[in-house]
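Single-structure report; data block below.
Protein chains: 6
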Amino acid sequence: MNGWLHIPSTWSAELMAHAGWDSLTVDLQHGMHGLEMAIQMLQAISTTDTVPLVRVTWNDPGQIMRMLDAGAYGIICPMINTRAECEAFVGACRYPPLGYRSLGPTRARVYAGADYAEHANDEMLTLAMVETAEAVANIDAIASVPGLDGIFVGTGDLRLSLTGGIGFDSADTQVDAALDTILAACARHDRVPGLFTASADYARQMIARGFRLVTIKTDSMLLSESAQQVIKQTRGE
Amino acid sequence: MNGWLHIPSTWSAELMAHAGWDSLTVDLQHGMHGLEMAIQMLQAISTTDTVPLVRVTWNDPGQIMRMLDAGAYGIICPMINTRAECEAFVGACRYPPLGYRSLGPTRARVYAGADYAEHANDEMLTLAMVETAEAVANIDAIASVPGLDGIFVGTGDLRLSLTGGIGFDSADTQVDAALDTILAACARHDRVPGLFTASADYARQMIARGFRLVTIKTDSMLLSESAQQVIKQTRGE
Amino acid sequence: MNGWLHIPSTWSAELMAHAGWDSLTVDLQHGMHGLEMAIQMLQAISTTDTVPLVRVTWNDPGQIMRMLDAGAYGIICPMINTRAECEAFVGACRYPPLGYRSLGPTRARVYAGADYAEHANDEMLTLAMVETAEAVANIDAIASVPGLDGIFVGTGDLRLSLTGGIGFDSADTQVDAALDTILAACARHDRVPGLFTASADYARQMIARGFRLVTIKTDSMLLSESAQQVIKQTRGE
Amino acid sequence: MNGWLHIPSTWSAELMAHAGWDSLTVDLQHGMHGLEMAIQMLQAISTTDTVPLVRVTWNDPGQIMRMLDAGAYGIICPMINTRAECEAFVGACRYPPLGYRSLGPTRARVYAGADYAEHANDEMLTLAMVETAEAVANIDAIASVPGLDGIFVGTGDLRLSLTGGIGFDSADTQVDAALDTILAACARHDRVPGLFTASADYARQMIARGFRLVTIKTDSMLLSESAQQVIKQTRGE
Amino acid sequence: MNGWLHIPSTWSAELMAHAGWDSLTVDLQHGMHGLEMAIQMLQAISTTDTVPLVRVTWNDPGQIMRMLDAGAYGIICPMINTRAECEAFVGACRYPPLGYRSLGPTRARVYAGADYAEHANDEMLTLAMVETAEAVANIDAIASVPGLDGIFVGTGDLRLSLTGGIGFDSADTQVDAALDTILAACARHDRVPGLFTASADYARQMIARGFRLVTIKTDSMLLSESAQQVIKQTRGE
Amino acid sequence: MNGWLHIPSTWSAELMAHAGWDSLTVDLQHGMHGLEMAIQMLQAISTTDTVPLVRVTWNDPGQIMRMLDAGAYGIICPMINTRAECEAFVGACRYPPLGYRSLGPTRARVYAGADYAEHANDEMLTLAMVETAEAVANIDAIASVPGLDGIFVGTGDLRLSLTGGIGFDSADTQVDAALDTILAACARHDRVPGLFTASADYARQMIARGFRLVTIKTDSMLLSESAQQVIKQTRGE
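Protein chains in written order, with the numbering used here: chain A, 18 to 254; chain B, 18 to 254; chain C, 18 to 254; chain D, 18 to 254; chain E, 18 to 254; chain F, 18 to 254.
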C-alpha cells in the first residue's frame, strides 16, 4: 500500500513513514511542496524502511533526475499519453546506454551506497500515469516501452477524460472498461498496475481486481476528514 | 472545540482551520515548529474565522509578546504553578498600566484593525496551564489573578505529577479529584475551564462536566491514527 | 488595480493584500520566490478578498497547473508569441474537454469550495503576455484563442523588442502604436487588456486609454523607493 | 539614519541595505522573523557596508550572544528598567573579564576577520532601550553602566507608560520632558542617544534635538504606506 | 567521537551522520540554525544510527524540553557555573518526580517507541558544560548533582576565563590543571568527561588523558579548511 | 578555480565564498537546493567578490532567466548535445536582439547597478556543458554558436557516455581523446574550456593541459571526506 504526501512538512512525512505504508509518494504535481521540501521529505522517509517515491510535476527530465539524485527510489510521471512521451520519461530515469539520465546521484549514493550508479538502472522504478482516453487507446504502445516498470492510473483524470465527470471511486462503466484494458496490458507486458483511490473500500476492490501499487487517500484528506469526524463525534452528531 | 497544531506547515494549518474547529492552537511547547512558521500558520488560520491561539514554549515574556504581535488572539501558558508565575504571564499579555506588554502589534493591527492596541487588553485571552500537584494546591491563588481569562489543564502532565502514571483520558481518582478542584475554582473566580483530551469520548465527558475550551487530539495524532486505520481497513484487519 | 509581488515573504504579501489592491500577482518570472513560498503567499492573500493571480516563470503546463491547484484565481503567462503557444497556455488552465489541466485542485477546493472543479473552467482567468514584435504581429491569432480572458502587455520587454531601448513608461511612438494595436484586438475579441506600469501617472494614462488590469510598480520598487525618499526627506535633501 | 526590518526576507533586507541607511536593525521583538531568518538577513546586509544591528526579543543572554556570533555589530535590548538589567545585558555582549559572553563567533569571525574575538569588546555596540517611567527614573543608574554605548528610546512604549496614550511622534509634554531627561543623561555619561520615529519630520526634529541613532519607520510601514499612496494617486484621490 | 553541526542544513547533517561519528551534536549556541531547522536536522541524523545530541542556546527549560521532545537523545547545556544551575538543567531533562520536564514527546515517541516516556529518565543524556573559573571551583557541587551524566568542557571559554587568551588546543598550564581537576571530579562522581577540540591531534591527546565524549572541529571548520586546502594544493602552494 | 555548491545553506555558501575560490557555482542540477535557496545563496556569495555562477537543472529558459535576474553572473547549462540546443541556451541568456531573455533583472540591477540591462549581454557568462559522445561529435557546431563564452565538460557523464564506466579523474584513452577534441575546438572558436574534477591532482593536470574554469570537488565531498579523514586520524588509523 502506498501513502500520498501533499503536506509540505518533514514531520508529517516522518509520521506517515511510521504508519505502516509499504511506500510513500511525495506528490509534486498536486501537492503543496517545492523541490527543496520534497528532498527533505525524502530524508524524513529514510528514517524508516518505507520505499520513497516521487510523482513529478510533469514529464520534465530535469525534475525527474533531481528527484532520483535526491533519493527517490522510483518516479511516477503524470499524463503519459503516447509511446514517445513514455520513452522520454523512462530515458530520464536510466543512465546511458539505456537512457539519458545525467550522472550525479548526490544523496542517492550516500543513502543507497557508493555503488548506487552501477545498480540504479535495475532498481529505480518507473511508473507511467495513464489517465486520458488517448493514453488508454495507446496502452500497448506505452506499456511496452523497454525499462518501464508499471502503469499508474490517475482515476480522477481518467474519469474526467472519459466521462466528463468529477469524482473518485464511483462505479462507472467506461472507467471500469478502461481499467480492464489497462490491467490486461499490464499482464501482457509484465508491468505493475497501480492506481489512486480515495477510500479503503475502493482500494480493496482494486487490489482484488489485480492492482498492486494502490494509493489510498492523501495525507491532506486523512487529516481533514479525521478532524471533521472527531468534531462531529464530540458534538454527538 | 479547539484543534491543536503540531505539524509545521501552513497547509495543514489551513486545512484544520477549514475543518470546523472554533479555535486552533499553534503549540510551541510540544509542536515541531519554530517561531517563524508559527507566525505563518497564524496567517493561514486567518483565511477563516477560526480563533487563533498559541501555546507558548514556556512562561517567557518575549515569546508571549511576539505571538500576540503576530496575531494570536490568546495565549496558553504552560506550567503555571504559583500566583507570581501567573501574574508574570498575564502581565506579559496586557499593555500598561495592567501589565508590561511592549507596544508594537505589527501583524495584529493589520489583521484586527488600526485600533487594536486600544482594545487588546480586553480581548486577548490569557489561559494559564494547571498541570502539577503544586498548581492544584495553589489553584485559588492562580485563578484569582486579575486579567486571567481561564485555566487550561494539561491532563498528561497533571496525571504524571499526581500519580506518576503516563497516559491520557483514563479514569483516575486523583486526577478526577483535581479536575473537580479546578472546575470549582474556575466557577468561584469566573474563569473559563479548559483541557486537553485525546479522544472524542473523553472530550464529551469533559464538556458534560463543565469544561468549555476542550482540545481533542493533535493534528499529528489525527494524521497518524487515520493513516494506520485506513491501512488496516484496506488490509481487511 | 493590481499589485505585484517580488518579495518572498508571506508578511509582505499580507500587507499588500490589506493595502487596497483589487488583485495581487505573485510573480514567479522576475520575483525572488520559489514555488513553495508562492503557495504560502497565496494563502496570505486569502486572508483578504483580494484576488490572487500568479505570473508563471514560463509557458510550462506543470507550473501553471500547480499554481491553479494552489489557489491562484488566474494565470499571467509570459512571452506568448504565437497562437500555438497561447493554445498550450490556455489548455493548461482548463479541464477537459476544453483543455488538458490535470484534476487535483488540492488547495483550490478548500478555499473555493468542494465544487471548485465544476466551475473552474469558467472562473480561472487566463492572461497571455504580449511583449514582442512577433506577438504584436500575431495579435489576432493570439487574442482569438478560445478560453483566453485577456492580454497583458509586458511594457519593458515590448519596448526592448520594438526599439532596443530599456525603460518603462516613457512615451515612444512605436510602443504607443503597438499598444493601440493590442487594445483594438482586445476590443475585437472581447478580451481584458492589461499592462505593467512603473508609476501612478503612467497607470492613470493607461487606464484612461482603456487598459483594465493595470499593475503599478512592484513591492520591491515601493519599498526601495519609499526608503530612499524618507532618507532624503530626513536629510533635508 | 537607521532602517528597521520587520519583513522576514533576505531580499527586502538587501533592498533596504542598498537604500542608503547608515545602519539597519533586524527587529526580533516586533518583527515577523525567526532566528534563522534573522541570521540570513544579516548575511544579506553584509552585501553592503551598512552596519547590521539586531533588536533582540528580550533581555535574554542566549539570544543576544547568538546574534553577535551571527554577525550583528550591535544589540538593541528592549525594556531595560534597572541598572541590574542593564548590567546583565551589557555583560552578555562582552567577553570575560568584562562580561560573560561565550566564545564562538562562528559567522562574525568569517565576516570580520580571524581576530574578531580580540576586538569585539571594543567594537560591538550595546544600546539599552529606555521606554518606561521606571527606566526614566533610573536613567543615571542605567546610563552609567560600564560598557554601555547608547540609550535607545522606545517612543511608543514610553508614551504608553507615561501617558496611557497610543501613538508615535505626537508632541506631548510628559514624553518631551522624558526625552530631555534621557538626552541629558546621555550627555553626562557620554552615551549615544537614539530613538524610533514614524516620520521623516519627527526624525528631523529629533536629530536637531540631539538624537544620533534615529530610526525612521519600519520596512512594513514603508511598503504598506507607499502601496496605499500609489493606489490613491492612480485613483486620482 | 562526536561531530558538531553549525551549518543549518538537513543535507550536511545527513552527510555528517554517514561519515562515521558515534554521535552528532546540533549546536544551538554558536550554530547558524533556528529551532525548526534543528528539529529537521535531528530527523536527518535519524536516517542512521548516529546518536543525536543538542547543545542548547542557554540553560532554558523551554528549549531543552523541546529538543528532547523533538528526538535529541541528550542535551549539552552551556555555562553551568553553580550547583543550582546544574539542578535546573538536569530537572528540565527529567520527568517528575526526578525533575520537571513536561510530558509531550511528540517526535521522540515516534522515533524511539510508544513507551519512550517510561524510559526517558534513564536514557536521555545530560551533559553540563564547565567552562569558567567559577565552574571549576564548583566542580564537585556541579558534578554530584543527581541525574547528571557527564561534564563537557568548553575549552575555548575555559581558556578565556582562566587566562584571558583566545584559542583552542594550545598547551597551557592553567587550562591543563583545570582539565585535571575536572577529570578527577568526573572519576569521583562517575560522570562521563567530554570536551571540544579543534584538531585530531589534540583530540587524540585528550582521549589518551581520559576524555570520552570528544568533539573534533565543527562542520563549518571542516568545510572551510578543506576548501582552503584543496585550493592551495591545486595552486601548488 | 571554481567551487561547487550542493549544500542548501546560505552559511555554507558564505563560508565557501570566503575560502578563496575565484568563482562559485550553485548547482541546481545535482545539488539539494530549491530555487529560492539558490537565490539566497547568490546573496551570500555577494558578501565577497567571488563570481557567482549557476548550473541550471536543464536547458530551461524560465529557470535560466530567473537565475540571471537573481544575480548569477553566468550560467552553466547541462547536456548541450546539438547546435540548436546551444542556441536556445545562449538565447535565453541574451536580451534582444541577440536573444530572447525577458527584461526584469530584479536583483541583478540592485547588485550590479541600475545600468545592468545595458551591459548584461556583454558580461553574463554562457557555458555549455559537453558531456556525451553526441556533443563531442557536434563540438564545432556547438562551440561556434555566437554569444557562447565557454565549454564546460561534465567528466562523469562524458566517461559514462563514451565508455559505460562510472567514476571521475581516472586516465582513460577515450575520455582523453575527447578532452583533446574539446580543447582544440575551444582554441579554434576562442571559448573558455572548463571541467569538473574530483581531486586537486587531476585539477592541476587539467589546468596544465589548458582548462581554465576548473571545478574541484563539491562542498558535499569536501565536508564528507574531511569528516571521514579527521575521524580516521583521531582513531589513529
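Backbone N, C-alpha and C fix where the C-beta goes; we use that ideal spot for every residue, glycine too. Everything numeric in this text was worked out from a predicted model, so none of it was measured.
Does any C-beta atom of chain E lie closer than 9 Å to the C-beta of D:MET58? Answer no: the Cβ-Cβ gap between D:MET58 and chain E never drops below 9 Å.
Return the chain-ordered list of same chain residues with a C-beta closer than 6 Å to the C-beta of A:TYR117, the five sequence neighbours on each side being excluded. Setting aside the 5 residues that flank it on each side, A:TYR117 is surrounded in the same chain by GLY108, each with a C-beta closer than 6 Å to its C-beta; the list follows chain order.
So for F:ASN138, helix, strand or coil by DSSP? It is helical.
Please state whether DSSP places D:ARG72 in a helix, a strand or coil. Of the three classes helix, strand and coil, the one that applies to D:ARG72 here is strand, per DSSP.
As assigned by DSSP and simplified to three states, the class of E:THR214: Strand.
Check F:TRP28 in the structure and name its three-state DSSP category. Helix, per DSSP.
Start and end residues, beta strand (DSSP E) containing A:PHE169: From DSSP, the beta strand (DSSP E) with A:PHE169 extends over 167 to 170.
Taking 7 Å as the limit between beta carbons, can you name the residues of its chain near D:GLY88, skipping five residues before and five after? If we look at D:GLY88 and ignore the five residues flanking it on each side, its Cβ neighbours are LEU59, SER63, PRO69, ARG124, ALA125, TYR128.
What are the start and end residues of the alpha helix (DSSP H) that includes F:ILE97? It is not in any alpha helix (DSSP H) - F:ILE97 carries neither H nor E in the DSSP assignment.
Quick check: is the beta carbon of A:GLN46 nearer than 9 Å to any beta carbon in chain C? Output row for A:GLN46: interface = yes.
Tell me which same chain residues have a C-beta within less than 6 Å of the C-beta of A:HIS50, skipping the five on either side of it? For A:HIS50, the CB contacts under 6 Å within the same chain, skipping 5 residues up- and downstream, are PRO25 in chain order.
Distance, Cα to Cα, B:ALA215 vs B:GLN222? Their backbone Cα atoms lie some 12 Å apart in a straight line.
Is any beta-carbon of chain C found at less than 9 Å from that of D:GLU242? By this cut-off, D:GLU242 is an interface position.
Which one of A:LEU52, A:THR149, A:CYS103 has the shortest CA to CA distance from A:ASP86? When only C-alpha atoms are compared, the closest one is A:LEU52.
With distances taken from CA atoms, which of C:ALA30, C:GLN191, C:LEU22, C:GLY164 is nearest C:LEU45? Of the candidates C:ALA30, C:GLN191, C:LEU22, C:GLY164, the one whose C-alpha sits nearest the C-alpha of C:LEU45 is C:LEU22.
For a cutoff of 9 Å on Cβ pairs, would you count E:THR74 as touching chain D? For E:THR74, the answer is yes, since a Cβ of chain D falls inside 9 Å of its Cβ.
Of the residues A:GLU31, A:ASP157, A:GLY121, the one placed nearest F:GLU148, counting alpha carbons only: Out of A:GLU31, A:ASP157, A:GLY121, A:GLY121 has the C-alpha closest to the C-alpha of F:GLU148.
Return the chain-ordered list of same chain residues with a C-beta closer than 8 Å to the C-beta of F:PHE213, the five sequence neighbours on each side being excluded. The residues TRP21, PHE169, VAL170, GLY171, THR172, GLY173, PHE185, THR232, in chain order, have a CB closer than 8 Å to that of F:PHE213 in the same chain once the five nearest residues on each side in sequence are set aside.
Counting Cβ pairs, one atom from each stretch, are 3 or more of them under 8 Å apart for the region 145 to 164 of chain B and the region 197 to 212 of chain B? Yes: at least three Cβ pairs fall under 8 Å.
If you compare alpha carbons, which of C:SER243, C:PRO95, C:MET96, C:GLY79 is closest to C:ARG111? Selected option, being the one with the closest Cα: C:GLY79.
Can you check whether the CB of E:ALA152 is closer than 9 Å to the CB of E:ILE81? Taking the C-beta atoms as reference points, E:ALA152 is found no nearer than 9 Å to E:ILE81.
Where A:ASP256 sits in the DSSP three-state scheme: This structure cannot settle anything about residue 256 of chain A, because the visible part of chain A is limited to 18 through 254.
Proximity below 9 Å, CB of F:GLN250 to CB of E:ALA217: Yes, they are a contact pair.
Scan the region 229 to 254 of chain D for residues whose Cβ lies nearer than 7 Å to a Cβ of chain B and list them as they occur along the chain. Per Cβ criterion, the list reads SER237.
Element boundaries [alpha helix (DSSP H), containing D:ILE199]: Element bounds for D:ILE199: 190 to 206.
Counting only beta-carbon atoms, is E:GLY211 nearer than 9 Å to chain F? Cβ-Cβ to chain F under 9 Å: no for E:GLY211.
Assumed close pair F:LEU179, F:ALA150 - CB separation to whole angstroms, cut-off 8 Å: Yes, they are in contact, since the Cβ atoms of F:LEU179 and F:ALA150 sit about 6 Å apart, within 8 Å.
Using the Cα positions of C:ARG83 and D:TRP28, report the straight-line distance between them to the nearest angstrom. Rounded to whole angstroms, C:ARG83 and D:TRP28 show a C-alpha spacing of 24 Å.
Taking all protein chains shown into account, decide if D:SER40 is buried (16 or more other Cβ within 10 angstroms of its Cβ) or exposed. By the 10 Å Cβ count, D:SER40 comes out buried.
Which residues of chain D have a Cβ atom closer than 7 Å to the Cβ of E:LEU177, listed in chain order? Going along chain D in sequence order, the residues near E:LEU177 (Cβ under 7 Å) are TYR112, PRO113, LEU120.
So, helix, strand or coil for D:SER237, using DSSP? Of the three classes helix, strand and coil, the one that applies to D:SER237 here is helix, per DSSP.
On the DSSP letters alone, give me the boundaries of the beta strand (DSSP E) that C:ASP44 sits inside. Taken as a continuous stretch (DSSP letters only), the beta strand (DSSP E) holding C:ASP44 covers 40 to 44.
Reduced DSSP category for E:ALA55 - H, G, I as helix; E, B as strand; rest coil: Helix.
Please classify D:ASP77 as buried or exposed, where buried requires at least 16 other C-beta atoms within 10 Å of its C-beta. The residue is buried, with at least 16 neighbouring Cβ atoms inside 10 Å.
Tell me where the beta strand (DSSP E) around B:LEU22 begins and ends. B:LEU22 -> beta strand (DSSP E) spans 19 to 22.
Within the continuous alpha helix (DSSP H) that includes A:VAL153, where are the two ends? Counting along the chain, A:VAL153 sits inside the alpha helix (DSSP H) bounded by residues 150 to 154.
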